[in-house]
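Chains A and B supply the protein sequences, listed in that same order. Counting along the first sequence from 1, when you hit position 10 you're at 10 in my numbering, and nothing is skipped either side. Adding 1000 to a residue's 1-based position in the second sequence gives its number in my numbering. For reference, the structure is listed below as structure tokens.
Protein chains: 2
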Amino acid sequence: MTPFNPEVLKSGKTRERRERALAVLSAALEAVDPVKAIKRQVSLSDDSLHIGQRVYDLGRYRNIYVIGGGKAGGSMAQAIEEILGQRVTAGLVNVKYGYGAETEIVRLNEAGHPIPDAAGMAGTKQMAELARKATDEDLVICLISGGGSALMPLPVEGITLADVKSLTDALLRCGATINEINAVRKHLSQIKGGNLARLAHPAEIVSLILSDVVGSPLDVIASGPTVPDTTTFADAYGVIEKYGLLEELPRPIVERLRRGKEGVIPETPKEGTEYFTRTYNLIIASNEVAAEAATTRAEELGFHTLLLSTFVEGEAREVAKVFAAVAKEIINSGRPLPRPACVVAGGETTVTVRGSGLGGRNQEMALSAALEIAGLEDVMIIPLASDGTDGPTDAAGAIADGSTLRRAQEAGLSATQYLANNDSYHFFQQLGDLLITGPTNTNVNDLTFTFVF
Amino acid sequence: MTPFNPEVLKSGKTRERRERALAVLSAALEAVDPVKAIKRQVSLSDDSLHIGQRVYDLGRYRNIYVIGGGKAGGSMAQAIEEILGQRVTAGLVNVKYGYGAETEIVRLNEAGHPIPDAAGMAGTKQMAELARKATDEDLVICLISGGGSALMPLPVEGITLADVKSLTDALLRCGATINEINAVRKHLSQIKGGNLARLAHPAEIVSLILSDVVGSPLDVIASGPTVPDTTTFADAYGVIEKYGLLEELPRPIVERLRRGKEGVIPETPKEGTEYFTRTYNLIIASNEVAAEAATTRAEELGFHTLLLSTFVEGEAREVAKVFAAVAKEIINSGRPLPRPACVVAGGETTVTVRGSGLGGRNQEMALSAALEIAGLEDVMIIPLASDGTDGPTDAAGAIADGSTLRRAQEAGLSATQYLANNDSYHFFQQLGDLLITGPTNTNVNDLTFTFVF
């Protein structure tokens, strides 16, 4: 049942506890598996296609087109084909190189990520054509997942991928926020910022979205191709002006933003316009879905549960201390939960790299947590990357418990030194406490599970 | 009712909300006011002295001695005199310079803190004499509060204050943990590590303790003068050996630890020995007491409440993000609490100073929180130093809310720049959002209040 490396279970009482803990983690991963998530939300009975709370009468549609992009695109396309079979007219979904899958009608086009490339652009052009030719008698299903922004590159005419890349680089160098960068990019794209919905208009549009952004803001995931844009040309121009980039950036970009600001070019599609009257954006899987499934499973297994937040951000090693603090409170006072307790939290932390070791934000959080809960034998803290790949490692996370530090000392490992060197991977590898899942084909950020047995 | 600077309330809807919020903070501070805390736990009716769950028949005691040390010593001594009046035989309590108060029988001796000095040592010597002359027909009341370790210095014969200081400096330089440093110091003192209880034995001993240590471990607060020591001479010797300090440290220290390890010198008093059969250690105020009082008050005011933890540690600006994450979850899903919500957390964070500004851990946490909750008009996060002095400032903390960033921008203040410069004090000063209480005469670390209205 557990998708984890079985050695991590160990033996005896540890095994019993780790089995229960990993069952909770498994429930989280299962809930956001793209195939299962689509099948939970999408089903066909006769001509009625149920999607979320809505029902689409397929008798009304001539064609069903499937388009989209993202790292989970392959699995999502497979799931849609399993449900709709030959009813799909045609389709094309951009996926990352090596993320191909078996599909019959929907073509999977492998492309560059995180750096967009010509293959991605060629595929996106074809998607745009499919969308453009869809009429009000057609249904367009968009499959959106993490990486979709880079995997669906299609700048407006006159602007190249290289132009956009130099823009992004310049804005990052200036310390622009991701919101500022997105505001600009949405105004240079034929897809982002609701532009895909405009292309597909007046067709019926359904976007099935697997969220890889903390808090699941629809307009941010994959740059919101079927979502009203809340930013304007004036905002976009303001950003490049603010950072003094008017001279430095490629002329076509500056010219377009200036003309857009002057009202010569139509704005990105906005809330309340006709482009969204027949558009349904449905999040089929997200950090919240995973966290809720974990909480439910933990309850079934007899834990008292608290879903603390799905918005957790911050420096991994510091955030770890807060989870440790909650565990200590539970031990000390039975607050905020009595034992056995399971506190679930989601989000995505960051690591300020200072050392030269190997690790990821989840493993580093586990290492910091291990230092905080040393000696608390009933505490276990497990941070997990839902995509199975924590940082540049083959681990999804690691298990920290009250015995970690003792076992490390016995093995001659200094937890503080490994932490100082950002070398959490090798620390937990030597203790046999890495969690290995392999790629999960999904990405809904990270989860942290704090157990007090 | 509120002990805060009234200008911080502002006007209109803001005022209404801030009044409610500050009422919650006031309840926390009131609960740990040393005088009120002692009067809650200690009362006299005829000859029965009620202390916590115990009753002492004063008819059985010839003398009542009051000794102790700590920054709250003045208020605590006053409270005890108000309760026991002329029944106190004699007393001496060491307090920090400038922390004197009006007392009749108990002498308040001002002394050095955080660096112990000769005045502190002279006072502690007299305390030790009082304790030593107490018989089994006497009652010794110890008043222990934050700073008590530095304010009750009395090394064993042959070791000077300067010796102990050079030891502490050397251990800090080597990166020794506070537990390691304490293990060594307890074995060089006539007071720390249960030694005061040994001196006062066979008298009846009651320690009234105001905890300034996260988690309130009795053996750590003021180095546990009346608490069994869990460390040994072997531990202490092991620490200086581990850090290669055997040659470097003053000879009398190394010699003492070596002889202690060899069993030539008696150990510090341990659990289960006669020194603790008539010893009662009672925490009269702590972070937990403050947090619980705040939670109760918040409930009375109509908030749904969660006391998350009283063990919160970590880098202030990162910990802030977790509280912001909880607020976002509450807004997004009504989890873990429905609105209006008040999440209370306690502990003590730290600041890694990189800039040259003015601030404190609580104000810096508020500044970081303000960046995270920008635009969330219903969120207010207030970190508070219970002693009224956050870092080297005259503020106890600051109020961050969803409007902070907007108001800062209007005033031409860059929150990120002030944060980068560790200049939270001047940031909030210009917005009129500093919380000023003046010295509260207590210290139970910090509290953070996260409100979602």
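Quick reminder that beta carbons are idealized off the backbone N, C-alpha and C, glycines included.
Between B:Pro1383 and A:Leu306, the gap from beta carbon to beta carbon reaches 7 angstroms or more. Put simply, the stretch 1006-1025 of chain B touches the stretch 1293-1305 of chain B. At least three CB pairs are less than 8 angstroms apart. Using a CB distance below 7 angstroms, the part of the stretch 1305-1321 of chain B facing chain A consists of Leu1306, Leu1307, Leu1308, Ser1309, Thr1310, Phe1311, Val1312, Glu1313, Gly1314, Glu1315, Glu1318, Val1319, Lys1321, ordered along the chain.
Here A:Ser43 is exposed. Its C-beta has fewer than 16 other C-beta atoms within 10 Å.
CA-CA distance, A:Gly432 to B:Glu1292, rounds to 41 angstroms. Put simply, the stretch 1241-1253 of chain B does not touch the stretch 1312-1329 of chain B. Fewer than three CB pairs are less than 8 angstroms apart.
For A:Val326, the nearest beta carbon of chain B is closer than 7 angstroms to its own beta carbon.
Residues of the stretch 185-217 of chain A with a C-beta less than 7 angstroms from any C-beta of chain B: Gly215, listed in chain order. Residue burial is scored here from C-beta neighbours: A:Arg406 has fewer than 16 other C-beta atoms within 10 angstroms and is therefore classed as exposed.
The residue from B:Leu1143, B:Ser1356, B:Gly1123, B:Ile1205 with its alpha-carbon nearest to that of B:Asp1136 is B:Ile1205. In this structure A:Ile373 is in contact with A:Ala400, their Cβ atoms being roughly 7 angstroms apart against a cut-off of 8 angstroms.
With 16 or more other Cβ atoms inside 10 Å of its own Cβ, B:Glu1180 counts as buried. Taking 9 angstroms as the upper bound on Cβ-Cβ separation, chain B lies near residues Lys328, Glu329, Ile330, Asn332, Ser333, Arg335, Pro336 of the stretch 328-342 of chain A. Three or more Cβ pairs closer than 8 angstroms define a contact, and the stretch 1090-1105 of chain B meets that threshold against the stretch 1071-1081 of chain B. In the DSSP secondary-structure assignment, B:Gly1347 is bridged to B:Val1312, B:Asp1446. Here the C-alpha atom of B:Leu1049 lies approximately 19 angstroms from the C-alpha atom of B:Leu1210. Within the same chain, and ignoring the five residues on either side of A:Phe451 in sequence, the residues whose Cβ sits closer than 6 angstroms to its Cβ are Ala21, Cys342, Met380. Residues of the stretch 343-357 of chain A whose Cβ lies closer than 7 angstroms to any Cβ of chain B, in chain order: Gly347. The beta carbon of A:Ile64 is closer than 6 angstroms to those of Arg87, Val88, Thr89, Leu139 in its chain, skipping five residues each way along the sequence.
By a beta-carbon distance limit of 8 angstroms, A:Asn441 contacts A:Pro34. Their separation comes to about 6 angstroms. When the beta-carbon positions are compared, B:Ala1200 and B:Ala1131 come within less than 7 angstroms of each other. Of A:Asn445, A:Glu410, A:Gly402, the smallest CA-CA separation from A:Ala396 is found for A:Asn445. The C-alpha of B:Ser1424 lies about 28 angstroms from the C-alpha of B:Leu1172. Rounded to whole angstroms, the gap between the alpha carbons of B:Gly1388 and B:Phe1449 is 15 angstroms. Relative to the Cα of B:Ala1398, the nearest Cα in the group B:Pro1392, B:Ala1420, B:Glu1364, B:Ala1408 belongs to B:Glu1364.
In terms of Cβ geometry, B:Ala1345 and B:Leu1376 do not form a close pair [threshold 7 angstroms]. According to DSSP, residue pairing for A:Gly263 in a beta bridge does not occur. Distance from the CA atom of B:Glu1016 to the CA atom of B:Asp1378, rounded to whole angstroms, is 12 angstroms.
Inclusion of B:Leu1151 and B:Leu1208 in the CB contact set at 7 angstroms is not warranted, their separation being larger than that value. Going by DSSP, B:Val1184 is part of the alpha helix (DSSP H) stretching over 1178-1186. The DSSP assignment places complete alpha helix (DSSP H) segments of no fewer than 4 residues inside the stretch 1038-1112 of chain B at 1073-1084, in order along the chain. The beta carbons of A:Val32 and A:Ala290 sit closer together than 7 angstroms. Closest in alpha carbon position to B:Glu1262, among B:Gln1126, B:Gly1238, B:Val1353, is B:Gly1238. B:Glu1329 sits buried, since 16 or more C-beta atoms from the chains shown fall within 10 Å of its C-beta.
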